[in-house]
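Heads up, the thing below is written out as structure tokens.
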Amino acid sequence: MIIEKIAESNFNDSVFDSKVFGKNFSDHMLIAHYKDGKWDEPKIMPYGPISVTPAAMSFHYGQTIFEGMKAYKNEDEEVFIFRPEKNFERFNKSAVRLNMPEVPAEIFLDGVKAIVDLDRQWVPKDYGTSLYLRPVMFATEEAVSARSSNEYIFCILLAFAPSYYEKPLSVKIADFYSRAAQGGVGSAKCGGNYAASFFPTSEAQKDGYDQVIWTDSIEHKFIEEAGTMNVMVRIGNKLLTAPTSERILNGVTRDSVLALAKDSGIDVEIRPISVEEMYEAYKSGELKEVFGCGTAVVVSTYNAIGFGDERAELTPLSDEESFATQLKKKLKDIQYGIAEDPYGWRVKIEETVNA
Ligand SMILES: *Cc1c(COP(=O)(O)O)cnc(C)c1O
């Protein structure tokens, strides 16, 4: 790995006071080029613009995939990342689905570790704050021809992630638009999935909701995801979530929350959840909680669900009663190095680059 350090760091403590997510980039980025069937040696260099032609194929045909991970610091200034091999596997699954080349572990995993090590002063220490890691790959071949590209850039960017006051959100259940289709690319973290979701989300916002609960694209009868998160539903004392499929992203947070729930003695069921079942549970007072799971916010609770024209308000639960609050705290305590990590999820970033 080639390392070209920045001449003078742009870091100052006021970065950690920022309230914006994904805008305050660290000193460095990692770049690797794929050409003639192989990856070149990755290079860590000062963060900044790169030159790309408007004919680059990703702009036209959308071959672009990404990942989202975080780095955390504990009280002893040790830096950790969380289950990085899961993101690595998923990234390459997305690559295969988009007909892009896979990225080897020596570039993805070693690259993440090296750049987080180098920019470790950018990892904040306050509980709830973190350094967001964004691996991304896009097609760069200069050609306006509808086929897969022969050239790509793989890049890792790092940006401060604040702890924002998490007010409960309201979500509207999709009854017309879809995020993902049977046989489509829903389980890949590819740019087009997000592009396709913005308009339906803005329509839901006009109806007074924050986000959309996506349903199956065939009949809109089963719930699949919420916004860009996996979704969990508590009916009575049972925690339900849909099985992953080619329409549902296999979230690392989802998987971790499910493991923590099972080990806390919560009754967990992974099966399709129908809108009708949710609505009936709401009517009978059994719909206790609905929440989203994802790396950015960890767990996002919903206080109102839109069933067609009916806005169903959920009764807030106390922190002790709420599965969402309990599971979120358990997960964050592991991520921030406060609790034991019986699962071996934390990966410590050793100090080598600066040493
Ligand atoms: C990233 C993402 C998730 C959550 O995945 P995590 O690994 O938990 O961050 C869920 N759904 C969609 C559509 C996503 O893009």
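Every letter in the sequence shown is one number past the one before it in the working numbering, and letter 155, counting from 1, is 310. Each residue gets a CB set at the ideal place from its N, CA and C atoms; glycine is no exception.
request  = Could you spell out the range, first to last residue, of the alpha helix (DSSP H) harbouring Val-412?
outcome  = Taken as a continuous stretch (DSSP letters only), the alpha helix (DSSP H) holding Val-412 covers 407-418.
query = Are the CB atoms of Thr-219 and Phe-293 nearer to each other than 7 Å?
reply = Yes.
request  = Classify Ala-301 as buried or exposed, calling it buried when 16 or more other Cβ atoms lie within 10 Å of its own Cβ.
outcome  = So Ala-301 ends up on the exposed side.
task = Hey, could you find the ends of the alpha helix (DSSP H) Ile-270 is sitting in?
result = Where Ile-270 is concerned, the enclosing alpha helix (DSSP H) stretches over 260-273.
ask   = Could you check where the alpha helix (DSSP H) with Pro-355 kicks off and where it finishes?
value = 346-361 is the span of the alpha helix (DSSP H), which, as asked, contains Pro-355.
key: With 16 other Cβ atoms within 10 Å as the buried cut-off, status of Arg-334   = Buried is the call here.
query = Apart from the five residues on each side of it in sequence, which residues of its chain come closer than 6 Å, Cβ to Cβ, to Ile-158?
reply = Correct list, in chain order: Ile-199.
query = With distances taken between CB atoms, is the gap from Val-326 to Ala-269 smaller than 7 Å?
reply = One thing to note: Val-326 has its Cβ no nearer than 7 Å to the Cβ of Ala-269.
key: Glu-380: CB within 6 Å of a non-hydrogen atom of ligand 1   = Yes, ligand 1 has a heavy atom inside 6 Å of this Cβ.
message = According to DSSP, is Ile-504 part of a helix, a strand, or is it coil?
response = Ile-504: coil per DSSP, three-state reduction.
Exposed unless 16 or more other CB atoms sit within 10 angstroms - verdict on Gly-192 = Counting other Cβ atoms within 10 Å of its Cβ, Gly-192 stays below 16 and is therefore classed as exposed.
query = Any chance the CB of Lys-503 is under 6 Å from a heavy atom of ligand 1?
reply = When distances are taken from the beta-carbon of Lys-503 to the heavy atoms of ligand 1, even the shortest one reaches 6 Å or more.
task = Please name the residue or residues paired with Asn-385 in a DSSP beta bridge.
result = Per DSSP, the beta bridge partners of Asn-385 are Glu-380 and Cys-448.
query = DSSP on Met-255, reduced to helix/strand/coil?
reply = Coil.
query = To the nearest angstrom, how far is it from the Cα of Glu-431 to the Cα of Lys-438?
reply = Between Glu-431 and Lys-438, the C-alpha separation is close to 10 Å.
ask   = With a CB to CB cut of under 7 Å and the five nearest residues on each side skipped, what residues in its chain are close to Val-508?
value = Its chain contains Ile-158, Ala-269, Asp-272 and Leu-273 as the residues whose beta carbon lies nearer than 7 Å to that of Val-508, once the 5 sequence neighbours on both sides are disregarded; these appear in chain order.
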